[in-house]
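Undergrad: Heads up, the sequence shown is in UniProt numbering, so the first residue is 1 and it goes up one at a time.
A virtual CB, placed ideally from N, CA and C, is assigned to each residue, including glycine.
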Amino acid sequence: MDHYLVFGHPVRHSKSPFIHTLFARQTQQTLEYGLAEPAIDGFAAALQHFFAQGGKGCNVTVPFKEQAFTLVDQLSPRAKRAGAVNTIKLTDDGVLLGDNTDGAGLVADLTSHGVTLTGQRILLLGAGGAARGALAPLLAEQPTELVIANRTHSKAEQLAAEFHDLGTVSACSYEQLTGTFDLIINSTSASLQGELPPLAATLIHADIAIYDMMYGATDTAFIGWAKQHGARRTMDGLGMLVEQAAEAFTIWRGIRPGTKQVLRELKRNLGSI
Ligand code: NDP
1 MDHYLVFGHP VRHSKSPFIH TLFARQTQQT LEYGLAEPAI DGFAAALQHF
51 FAQGGKGCNV TVPFKEQAFT LVDQLSPRAK RAGAVNTIKL TDDGVLLGDN
101 TDGAGLVADL TSHGVTLTGQ RILLLGAGGA ARGALAPLLA EQPTELVIAN
151 RTHSKAEQLA AEFHDLGTVS ACSYEQLTGT FDLIINSTSA SLQGELPPLA
201 ATLIHADIAI YDMMYGATDT AFIGWAKQHG ARRTMDGLGM LVEQAAEAFT
251 IWRGIRPGTK QVLRELKRNL GSI
């Protein structure tokens with residue numbers, strides 16, 4: 001039996017075991033996927049122990065993604081760009097490969113909703129780990145412009161500078177945002193506390209697409225607010241979660257699982273997992 005797990009703290013509400021178990025069933029792969037919640041200062045030791053015991057691969061979530069980046073032997077180009085690792089695979093040669101599938105998951109989910117990125121004007125809210133992971137895959141789709149707004153403006157400026165070789169990307173304070181955006185992606189953690197990023201309601205219009213990386217059984221605060229101001233096309237991050245998992249599963253098993261049915265099952269069971 002091949003063993004996989006997700007490291008996080010806290011991790012007990014993770015949907016990853018549910019998702020990967022369904023992927024394994026669907027693709028007829030024999031594997032076990034569990035949870036590990038090491039102490040905040042115990043991740044490095046727990047990771048080493050897991051692979052010493054024969055573990056094949058793992059996911060890494062908050063707050064260990066940046067530390068995982070420093071602990072692997074090799075990094076994929078997108079993990080290097082993201083500065084964070086959410087997927088680790090042990091190769092047959094005993095090399096620990098670190099990758100980051102979050103941004104690819106976001107783009108796959110947007111695409112599956114029929115959202116066009118190429119030639120569009122995109123506003124990305126937040127400049128934390130999730131924003132960093134999303135930037136390279138988003139810019140690869142060649143939007144006409146990508147603007148980053150963040151509560152701490154200097155972090156948005158820093159990200160824009162770091163990624164500007166990949167496309168037209170700039171930073172703008174929330175107060176100074178102007179013009180019409182085709183898509184707003186909320187990568188802030190504001191919704192976790194039921195809060196809203198300080199965005200002017202005038203930026204919302206009927207044809208805009210709204211994406212919140214956060215998800216829940218009901219609308220996130222941001223999606224609720226956007227709907228109130230006339231947004232008709234809103235999406236939460238549950239699909240991104242499933243798509244980034246599918247990408248990780250493909251790295252580990254060399255077979256790509258379908259995501260539609262798994263997402264349906266996850267939605268149906270969200271309250272009880
Ligand atoms: P970080 O802690 O790295 O970054 C948080 C960001 O949110 C920062 O830019 C911070 O601004 C901003 N922020 C926090 N509170 C507020 C607020 N009240 N108003 C405005 N801005 C705020 O978190 P991550 O980037 O790792 O995660 C962000 C979100 O993305 C989380 O909700 C997480 O659950 C979600 N996520 C979803 C995934 C999925 O698969 N669906 C995958 C990865 C993440 P500042 O810099 O000023 O502090």
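Given the structure, does Leu146 come close to the ligand NDP, in the sense that its CB is under 7 Å from one of the ligand's heavy atoms?
TA: Locating residue 146 in the sequence shown gives position 146, counting from the first residue. Answer for Leu146: no, Cβ out of range of the ligand NDP.
Undergrad: With Ile19 as the anchor, note down where its alpha helix (DSSP H) starts and where it stops.
TA: As a position in the sequence shown, residue 19 is number 19, starting the count at 1. Its alpha helix (DSSP H) spans residues 16-27.
Undergrad: Taking DSSP as the reference, what is the three-state secondary structure of Leu199?
TA: The residue given as residue 199 occupies position 199 in the sequence shown. Coil at Leu199, not helix or strand.
Undergrad: Touch check for the stretch 173-183 and the stretch 146-161: three-plus C-beta pairs under 8 Å?
TA: yes
Undergrad: Buried or exposed for Gln244, going by 16 or more other Cβ atoms inside 10 Å?
TA: Residue 244 sits at position 244 when you count from the first residue of the sequence shown. So Gln244 ends up on the buried side.
Undergrad: Closer than 8 Å is the cut-off here; do at least three beta carbon pairs connect the stretch 205-219 with the stretch 233-240?
TA: yes
Undergrad: Just verifying my parser: in three-state terms, what is the DSSP assignment at Ser76?
TA: For the purposes of this step, residue 76 is taken as residue 76 along the sequence shown, with counting starting at 1. In the displayed model, Ser76 falls within coil according to three-state DSSP, outside both helix and strand.
Undergrad: Can you tell me where the alpha helix (DSSP H) holding Val147 begins and where it ends?
TA: Taking the first residue of the sequence shown as position 1, residue 147 is located at position 147. It is not in any alpha helix (DSSP H) - Val147 instead sits in the beta strand (DSSP E) that spans 145-149.
Undergrad: Confirm the yes/no value for this check: CB of residue 281, any heavy atom of the ligand NDP, distance under 7 Å.
TA: One cannot answer for residue 281 here, as it falls past the ends of the chain, which runs 1 to 273.
Undergrad: Look up Arg132 in the DSSP assignment and say whether it is helix, strand or coil.
TA: Position 132 of the sequence shown holds residue 132. Under the three-state reduction of DSSP output, Arg132 falls in the helix class.
Undergrad: When we look at the beta-carbon of Glu271 and count the other beta-carbons within 10 Å, is it buried (16 or more) or exposed?
TA: Position 271 of the sequence shown, counting from 1, holds the residue named residue 271. Checking the sequence, you will find Gly at residue 271 rather than Glu. Exposed, because fewer than 16 other Cβ atoms sit within 10 Å of the Cβ of Gly271.
Undergrad: What's the gap between the Cα of Val60 and the Cα of Arg233?
TA: By one-based count along the sequence shown, residue 60 stands at place 60. By one-based count along the sequence shown, residue 233 stands at place 233. Going from the Cα of Val60 to the Cα of Arg233 covers about 31 Å.
Undergrad: Please return the same chain residues whose Cβ sits closer than 6 Å to the Cβ of Asp182, not counting the five positions on each side in sequence.
TA: Along the sequence shown, one-based indexing puts residue 182 at 182. Closer than 6 Å at Cβ, skipping near neighbours: Gln120, Arg121.
Undergrad: The alpha helix (DSSP H) with Val95 in it runs from where to where?
TA: What you label residue 95 is simply residue 95 of the sequence shown in a count that begins at 1. Where Val95 is concerned, there is no enclosing alpha helix (DSSP H), given that its DSSP letter is neither H nor E.
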